[in-house]
Structures are given as C-alpha cells and as structure tokens.
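**Student:** My questions all concern the structure below.
2 protein chains.
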Amino acid sequence: MIVVSEKDILLLENQLCFSLYAVSKEVIRLYKPILDPHGLTYTQYITLLAIWGNDTVSVKELGKQLHLDSGTLTPVLKKLELQGYVNRQRDYKDERILLVTTTEKGRELKEKLAAGTTHLACLLQVNSIDLQQLKKDIDGLLRIIIDNR
Amino acid sequence: MIVVSEKDILLLENQLCFSLYAVSKEVIRLYKPILDPHGLTYTQYITLLAIWGNDTVSVKELGKQLHLDSGTLTPVLKKLELQGYVNRQRDYKDERILLVTTTEKGRELKEKLAAGTTHLACLLQVNSIDLQQLKKDIDGLLRIIIDNR
DNA sequence: CCCAAAAAGATTGTGTACAATTTAATTGTG
DNA sequence: CACAATTAAATTGTACACAATCTTTTTGGG
C-alpha cells in the first residue's frame with residue numbers, strides 16, 4: 003500500500019477530489035457535441051434523464067435524484083418547458099408541488115439521443131478500463147459520503 | 003459481465019457521467035466546512051494547491067494543470083491576491099505572461115489546511131473503498147479522454 | 001377553527017465554468 | 001524593418017450551483 007506522506011497531501015496530483023472534479027468536467031465536455039445540435043446543455047440533459055426515468059416527478063424529487071436544489075432546477079425546467087420538452091403543472095391535490103412530465107417532443111428527443119450516447123459509450127469502452135466497475139466504486143463512495151452527512 | 007441494454011442506457015442511474023458529476027459535487031461539499039473558516043471557495047483551494055505545487059507559474063500553465071481557462075482563473079486569482087494569499091506580476095521578459103507566486107500568508111494557510119484535509123481523508127479512509135485505486139482508475143479515464151481529444 | 005410551524009418552489013445574490021471576443025505583446029516571414 | 005500571425009490574459013455574456021430568503025400552501029396542535 004502506498005502511503006501519501008503528510009507533506010505531499012496538499013499536492014494537486016495527490017488529491018482524489020481534484021481527479022473527480024477534472025474528470026467530471028472532461029466527461030461533460032464529451033457530451034457537448036452530442037447535446038449542442040439539440041440546443042441542450044449538460045444540466046438540461048441529466049434533468050431530462052431524470053424526468054424520463056419517472057412518469058411524473060416533483061421538483062423536490064428531481065432535486066433529490068440530481069443532487070440539485072430548486073434554485074438550479076427552476077430555471078432549467080422553465081427552459082425545458084420553453085423548448086417544448088417538458089410540461090410543468092401544479093399538483094391539484096397540493097398546490098405547493100410542481101409536477102413535471104415529458105412531452106411527445108421530449109420522447110422523440112430521447113430516441114434521437116440514444117444513438118449519440120451509445121456512440122460515446124463505445125468511444126470509451128474500446129479502452130482498457132472497466133467502466134462498470136469504476137461506476138460501482140464511485141457510487142460506493144457517493145453512498146458513504148451521503149450516509150455520513 | 004453485465005451489459006446495459008440499449009433501452010436502459012438513458013437511465014440516470016446507468017450513467018457513469020452522472021455518477022462522476024454527483025460525487026464530484028458531494029466531495030466539494032465535504033470541503034466547505036474546512037475551507038469556509040479561511041474564506042476560501044473550492045475553486046480558490048485547488049488553485050492554491052496548484053500554485054503551491056509550483057514555485058512560480060503562469061496563468062496558462064495553471065489553467066492547464068487545473069483544466070480551467072483565463073475566464074475562470076483571472077477573477078479567482080484577483081480574489082486570492084486581494085486576500086493576500088498570492089502575488090500577481092507580469093513576466094519582465096514577456097509582458098503577456100502573468101506570473102503567480104504564493105505569499106508568506108499563503109504558506110501559512112497551507113500549514114493550517116493540512117490538518118483539516120488530513121482529517122477529511124481519514125473520514126473517508128475508515129471505509130471499505132480503496133481510494134488509491136479509485137484515484138488511479140479515474141486518472142486513467144481522464145488520460146484516455148484527454149488523449150482522444 | 002386558528003395560527004404557528006413546516007414544506008415546496010421561486011427568487012436573489014455570489015461565485016464559478018466556458019465560449020467568444022478583445023487587447024496587448026511577441027514572433028516569424030518577406 | 002514592417003506587418004501579419006500568434007500568443008497570453010482579460011473581458012463579456014450565458015448558464016449553472018448553491019446559500020439565503022421569500023411566498024404560498026398545507027399541516028398539526030391547542
């Protein structure tokens with residue numbers, strides 16, 4: 003086992019946090035050419051992913067799944083509505099709750115995006131890293147952090 | 003080997019990109035209580051890490067190490083200078099280049115932060131994940147992405 | 001039933017990120 | 001040497017991300 007000495011802890015290249023930060027941004031960058039033609043940002047994209055994974059979903063539940071709050075989601079959802087990809091309407095049983103659903107145009111977009119993202123997955127998969135295992139490890143770390151807070 | 007079917011690719015929970023995005027934000031959140039008392043943001047923190055790792059460094063080289071451009075770095079560096087943690091001055095041999103160095107106050111801050119971040123590392127290390135290996139895998143992925151662009 | 005507390009979004013303000021453009025300095029080529 | 005091309009930062013504009021606050025609606029205890 004390699005131990006990082008006290009002295010070296012504060013080196014950028016020894017920081018797991020920075021590796022995560024950097025790779026996250028680079029992966030988001032990979033999505034840009036796929037999303038741009040549809041006028042989508044990455045945040046809009048993952049928001050749509052979450053919406054597609056739920057028949058009907060509240061902003062609060064979306065925020066929980068996406069690790070985002072209403073301050074971020076409200077403008078994103080308004081934009082997606084403006085683009086015609088989602089519907090926003092209050093729950094008639096509880097007017098505090100805003101329910102979000104996908105539209106027909108949103109469903110069509112989902113079909114179109116499947117091809118591009120499959121291509122992206124292949125681009126990475128040709129290489130030697132086990133992405134499935136990597137994702138499991140990252141999700142494990144995520145769980146530990148969330149359970150400890 | 004588990005294969006994700008075409009149909010399930012566009013599920014949020016199957017997206018490696020989202021796991022990276024989420025865990026990166028959560029790890030940054032962990033740093034907040036450590037950085038806040040010093041009036042530092044996470045971006046300022048990693049920028050300082052990079053500066054501490056170099057005697058003298060240009061904005062361009064900082065950007066390369068941090069995966070950030072001058073649009074992000076210029077205001078961050080100005081703030082760090084205002085707080086007294088770094089010096090900014092043009093290279094007398096080439097006035098286009100801005101050279102950044104740490105100050106005595108910056109070096110003192112480094113000492114103070116070492117304790118907090120060691121604590122943070124321990125908080126995660128008690129658990130079952132091999133963070134060293136995880137970092138290696140993430141850095142491997144980062145390398146592949148960068149080499150392919 | 002009434003009203004304080006809680007809950008869900010929306011809003012506001014600050015600080016990134018990053019693309020695109022601008023400015024100033026330097027380099028390379030005729 | 002002159003000047004176009006290149007380079008390094010800074011600036012501008014847009015879109016998050018998140019803390020803090022505000023508004024509206026609902027809930028729960030007396």
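Those protein sequences? They're chains A and B, same order as listed.
If you use my numbering, the first sequence corresponds to residues 3 to 151, in order.
If you use my numbering, the second sequence corresponds to residues 3 to 151, in order.
Ideal placement from N, C-alpha and C gives every residue a C-beta, glycine not left out.
#1: Whole angstroms are fine: how far does the CA of residue 52 of chain B sit from the CA of residue 66 of chain B?
#2: Beta-carbon within less than 6 Å of residue 62 of chain B's beta-carbon, same chain only, minus the 5 sequence neighbours each way: which residues are those?
#3: Counting pairs of Cβ atoms below 8 Å between the region 137-149 of chain B and the region 22-33 of chain A, do you hit three or more?
#4: So residue 26 of chain A contacts chain B; which residues on that side make the cut at Cβ distance below 7 Å?
#5: Can you find at least 3 beta carbon pairs, one from the region 77-92 of chain A and one from the region 33-49 of chain A, that sit closer than 8 Å?
#6: Under 8 Å, Cβ to Cβ, is there at least one residue of chain A near residue 146 of chain B?
#7: Once DSSP output is grouped into helix, strand and coil, what is the label at residue 119 of chain A?
#8: What does the Cβ neighbour count give for residue 48 of chain B, buried or exposed, with the cut at 16 atoms within 10 Å?
#9: Name, please, each residue of chain A whose Cβ falls closer than 9 Å to the Cβ of residue 79 of chain B.
#10: Applying the 10 Å Cβ sphere with the 16-neighbour rule, what's the burial state of residue 76 of chain B?
#11: Please confirm whether residue 87 of chain B has its beta-carbon closer than 8 Å to some beta-carbon of chain A.
#12: In chain order, what residues of the same chain have a beta carbon less than 8 Å from the beta carbon of residue 136 of chain A, not counting five sequence neighbours either side?
#13: Which residues bound the alpha helix (DSSP H) around residue 135 of chain A?
#14: Helix, strand or coil: how does DSSP classify residue 105 of chain B here?
#15: Could you tell me the boundaries of the alpha helix (DSSP H) in which residue 91 of chain A lies?
**Tutor:** On the basis of the supplied data:
#1: As a working note, residue 66 of chain B is residue 64 in the second sequence. As a working note, residue 52 of chain B is residue 50 in the second sequence. Cα to Cα, residue 66 of chain B sits roughly 10 Å from residue 52 of chain B.
#2: By one-based count along the second sequence, residue 62 of chain B stands at place 60. Taken in chain order, the list of residues that qualify is empty.
#3: yes
#4: Locating residue 26 of chain A in the first sequence gives position 24, counting from the first residue. The contacting residues are 22, 23 and 26.
#5: yes
#6: The residue given as residue 146 of chain B occupies position 144 in the second sequence. So yes, residue 146 of chain B belongs to the interface.
#7: For the purposes of this step, residue 119 of chain A is taken as the residue at position 117 of the first sequence. Looking at residue 119 of chain A - three-state DSSP - the assignment turns out to be helix.
#8: For this step, residue 48 of chain B is matched to residue 46 along the second sequence. With 16 or more other Cβ atoms within 10 Å, it is buried.
#9: Taking the first residue of the second sequence as position 1, residue 79 of chain B is located at position 77. In chain order: nothing, as chain A lies at least about 16 Å away.
#10: Looking up residue 76 of chain B in the second sequence gives position 74. Its Cβ having fewer than 16 others within 10 Å, residue 76 of chain B is exposed.
#11: As a first step, residue 87 of chain B must be located in the second sequence, where it is residue number 85. False, the Cβ-Cβ gap to chain A never drops below 8 Å.
#12: On the first sequence, residue 136 of chain A is found 134 positions in, with the first residue counted as 1. Once the five neighbours on either side are set aside, residue 136 of chain A has no close Cβ partner at all.
#13: Start at 1 with the first residue of the first sequence, and residue 135 of chain A comes out as number 133. Per DSSP, residue 135 of chain A belongs to the alpha helix (DSSP H) from 133-149.
#14: Indexing the second sequence from 1 puts residue 105 of chain B at position 103. Three-state DSSP puts residue 105 of chain B in coil, outside helix and strand.
#15: Here residue 91 of chain A refers to the residue found at position 89 of the first sequence. Not the alpha helix (DSSP H): residue 91 of chain A falls in the beta strand (DSSP E), residues 88-93.
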